[in-house]
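FYI, the numbering for the sequence shown is 28 to 261, going by our numbering.
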Amino acid sequence: MPTYDGNKHFGSRLALGPDQMLYIALGERSDAPMRPQAQQLDSHMGKILRIRPDGSAPTDNPFAGQPNALPEIWTLGHRNVQAAAFDPQGRFWVVEHGTRGGDELNLIQKGKNYGWPLVAYGEEYFGLPIRGAVTDRPGFEQPRYYWDPVIAPSGAQFYTGDAFPAWRGSLFVGSLKEKRLVRLTLENDRVTGEEHLLADRGQRVRDVRQGPDGALYLVTDEANGELWKIAPRR
28 MPTYDGNKHF GSRLALGPDQ MLYIALGERS DAPMRPQAQQ LDSHMGKILR
78 IRPDGSAPTD NPFAGQPNAL PEIWTLGHRN VQAAAFDPQG RFWVVEHGTR
128 GGDELNLIQK GKNYGWPLVA YGEEYFGLPI RGAVTDRPGF EQPRYYWDPV
178 IAPSGAQFYT GDAFPAWRGS LFVGSLKEKR LVRLTLENDR VTGEEHLLAD
228 RGQRVRDVRQ GPDGALYLVT DEANGELWKI APRR
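Here it is, written out as structure tokens:
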């Protein structure tokens, strides 16, 4: 794993896939000199890795056996992944903190390049364009959805329970900046709707999980953080 003396963009989200492989999302550490490593196959920074439970790299990883490439790499070009989740069909999704006007929802596919810092929406948080970046280039994946203005997405959960039948198949995403829970409706791999919930509570939603009872459980990211349960009224 990479080491760097910085305090931003750690990423570090984990997801166990239906293939029983462990997927690990790592940030690019934010600082301008480090950003190019998100495009370099000899660095773990700005990547999603795929490893076996024993820590070894599967031989069917896309860059296994390629000279000067780390065999654990599954995808590249990531900025700061905040959540990783598999949908009921076994597809792998992540949400990422982007620049100002560029938070992303990405559908992760083997060997694909998700662009950062060469392809991005939005601008730097200090107001200038992202140096060298455009919103589209051949050979790079587009986000399936992006937020402008940003919501600072956090944890995410596909809903598969019975407590809320109308929500089944929705992707729930916590929001730190907007302090709410976001529900995305999807058709195949396209977002068709966005609903904001719990905005009146005024707390940063750090993570969301579905319980075995079909309820949703949320953790807030405040000085006096809280655990919330969302369940049907009895």
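Glycine included, C-beta positions come from ideal geometry on N, C-alpha and C.
- Between the segment 182 to 193 and the segment 221 to 231, the count of C-beta pairs closer than 8 Å stays below three; the two stretches do not touch.
- Judged by beta-carbon spacing, Ser202 lies within the 7 Å limit of Ile178, meaning their Cβ atoms are closer than that value.
- When the five nearest sequence neighbours on each side are left out, the beta carbons in the same chain lying within less than 7 Å of the beta carbon of Gln66 are those of Leu103, Gly104, Leu145, in order along the chain.
- Along the segment 160 to 239, the beta strand (DSSP E) occurs as fully enclosed runs of 3 or more residues at 172 to 174, 180 to 185, 198 to 202, 207 to 214, 217 to 224, 232 to 237, listed in sequence order.
- Going by beta carbons, Tyr141 and Glu99 fall outside the 7 Å limit.
- Counting the other Cβ atoms within 10 Å of the Cβ of Leu211 gives 16 or more, which makes it buried.
- Taken in chain order, the segment 78 to 166 contains no complete alpha helix (DSSP H) segment of 4 residues or longer.
- The C-alpha of Arg56 lies about 8 Å from the C-alpha of Arg106.
- The segment 44 to 63 makes contact with the segment 112 to 122, as at least three CB pairs between them are under 8 Å.
- Asp69 and Pro165 have their C-alpha atoms some 22 Å from each other.
- Where Ser39 is concerned, the enclosing beta strand (DSSP E) starts and stops at 38 to 43.
- Taking the Cα positions, Gln184 is about 14 Å away from Lys256.
- Contact between Tyr172 and Gly129 does not hold, since their C-beta atoms are separated by about 11 Å, which reaches or exceeds 8 Å.
- Around the beta carbon of Glu123, a 10 Å sphere encloses 16 or more other beta carbons of the protein chains shown; the residue is thus reported as buried.
- Remark: C-beta atoms of Gln230 and Pro180 do not approach each other more closely than 7 Å.
- In this structure, Gly182 lies near Val235, with their beta-carbon atoms less than 7 Å apart.
- Looking at the backbone, the Cα of Leu155 and that of Ala147 are separated by about 13 Å.
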